[in-house]
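Undergrad: My questions all concern the structure below.
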Amino acid sequence: MSGRIHLSGGFLVDTTFQTPIFHNHLKTSFLGRNLIHHQTTTSTMDDALRMAQRGAPHGTLIIAEEQTHGKARKDFRSWSSMPAGNLYFTVILRSAELEPLSLVHFAAPASLAMACRDRGVDAQVKWPNDVWSHNKKLSGMIQPVEYEQEDNSPYCGSYYSMLGVGINVNQDMSKHPDPLLSKGAISLSQIMGKIVSREILLAQFMNHLEENIQKSREGVMSLYRSVDLLSGRTVIIKPKGLEEMESFEASVVEVMDNGQLKVSVNGEEKILMNEEVGEIRPKL
């Protein structure tokens with residue numbers, strides 16, 4: 001059943017995903033070919049985990065109009081998933097080796113930035129895997145990886161991952177009831193001044209992602225650095241798990257090939273891992 005909502009600025013958007021439009025723009029061999037659409041679900045991540053454990057194929061895409069308990073990157077806290085014409089989805093990815101799935105952590109946000117640029121929006125990746133534009137957040141991602149042991153051999157198995165993505169597409173984030181989101185997030189429709197096709201955007205993301213996850217580590221990280229937001233900028237960093245510690249300023253030197261962030265603090269270079277950073281944002 002189709003659902004329609006009014007948006008600020010007089011826009012009217014159909015909140016039912018149009019699968020034929022998506023497939024018409026999809027150029028992949030695997031990603032997005034097996035599509036499951038829900039009007040409402042607890043979390044597409046939970047759905048994907050159950051399906052992956054039951055053998056769902058590589059590239060399976062689960063999308064929902066609304067999540068009642070969406071997952072976000074920081075300790076899997078709740079992600080705002082209102083039925084407002086945005087994109088909430090998870091892709092199941094499989095590999096015999098761990099390395100290709102570890103590179104998805106960087107290939108995915110770079111691919112989304114490219115898809116946004118295809119739509120005319122200057123999007124960049126804020127380390128490690130948020131996509132920003134106009135100094136505000138457009139998208140967030142999480143990507144847990146699981147190991148699946150073969151039944152008859154303790155030494156053989158494979159890996160699968162659930163890439164969970166939320167993209168602010170057609171919601172006026174400035175009207176969001178959460179002040180952190182109303183001030184710190186933005187949507188594509190706000191930037192472009194019109195309704196954006198979720199179906200075309202998602203297909204373009206799938207197209208870029210399938211191509212980019214086949215690159216070498218050097219290729220993926222080169223692509224990532226080409227859309228990097230932070231290098232050369234002053235940032236505010238809050239260490240993870242040390243909430244009582246004051247944030248500190250640093251100058252970002254580069255994102256390294258291993259995915260770690262090299263920064264300079266008072267003239268001294270430091271290497272930061274994703275796991276030790278609670279929050280990082282450019283100083284405006």
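Just so you know, we're using this note's numbering here: the sequence shown kicks off at 1 and counts up by one.
C-beta atoms are modelled at their ideal positions from N, C-alpha and C, and glycine is treated no differently.
1) Going residue by residue through the segment 152-177, where are the continuous beta strand (DSSP E) segments of at least 3 residues, counting only ones entirely within it?
2) The alpha helix (DSSP H) that contains PRO109, what's its start and end?
3) Using only CA atoms, which one of GLU66, SER95, LEU98 and HIS134 lies nearest to ALA84?
4) Using the Cα positions of HIS286 and LEU180, report the straight-line distance between them to the nearest angstrom.
5) Would you decide whether PHE248 is buried or exposed? Buried here means 16 or more other CB atoms lie within 10 Å of its CB.
6) How close, in whole Å, do the beta carbons of ILE195 and SER189 come, if the pair is a contact with beta carbons under 8 Å?
7) CB TYR159 to CB LEU101, shorter than 7 Å?
8) Tell me the DSSP secondary structure of MET51 in three-state form.
9) Where do the N-terminal and C-terminal ends of the beta strand (DSSP E) with SER251 fall, by residue?
10) Considering only residues of the same chain and omitting the five flanking positions on each side of SER139, which have a CB-CB separation below 8 Å?
11) Would you identify the three-state DSSP class for PHE17, choosing helix, strand or coil?
12) Tell me where the alpha helix (DSSP H) around LYS183 begins and ends.
13) Beta carbon of ALA250, beta carbon of PHE22: below 7 Å?
14) Assign THR44 to one of three DSSP states: helix, strand, or coil.
15) Which word fits SER286, buried or exposed, when buried means at least 16 other C-beta atoms lie within 10 angstroms of its C-beta?
16) Give me whichever residues DSSP pairs with HIS38 in a beta bridge.
17) Does the ligand ADP have even one heavy atom less than 6 Å from the beta-carbon of ASN129?
18) For the candidate residues ARG281, ASP172, LEU230 and ILE213, whose alpha-carbon lies nearest to that of MET192?
19) Compute the Euclidean distance between the alpha carbons of TYR88 and ASN170, then round it to the nearest angstrom.
20) Rounded to whole angstroms, what is the Cα-Cα separation between SER264 and PHE106?
21) Can you tell which of ALA48, GLN124, LEU98 and MET45 has its C-alpha closest to the C-alpha of TYR224?
22) What do you reckon, are the CB atoms on GLY184 and PRO239 nearer than 7 Å?
TA: In short, the structure shows the following:
1) 157-167
2) 98-118
3) GLU66
4) Since the first residue of the chain shown is 1 and the last is 284, residue 286 is not available in this structure.
5) exposed
6) Contact between ILE195 and SER189 holds: CB atoms are separated by about 6 Å, below the 8 Å threshold.
7) yes
8) helix
9) 248-255
10) PRO109, LEU112, ASP130, VAL131, VAL165, GLY166, ILE167 and ASN168
11) Residue state, collapsed to three classes: coil.
12) 179-184 is the span of the alpha helix (DSSP H), which, as asked, contains LYS183.
13) no
14) THR44: helix per DSSP, three-state reduction.
15) Nothing about residue 286 can be reported from this structure: the residues present for the chain run from 1 to 284 only.
16) ALA64
17) This structure does not include the ligand ADP; it has no bound ligands of any sort.
18) ASP172
19) Our two residues, TYR88 and ASN170, have alpha carbons roughly 12 Å apart in a direct line.
20) 22 Å
21) GLN124
22) no
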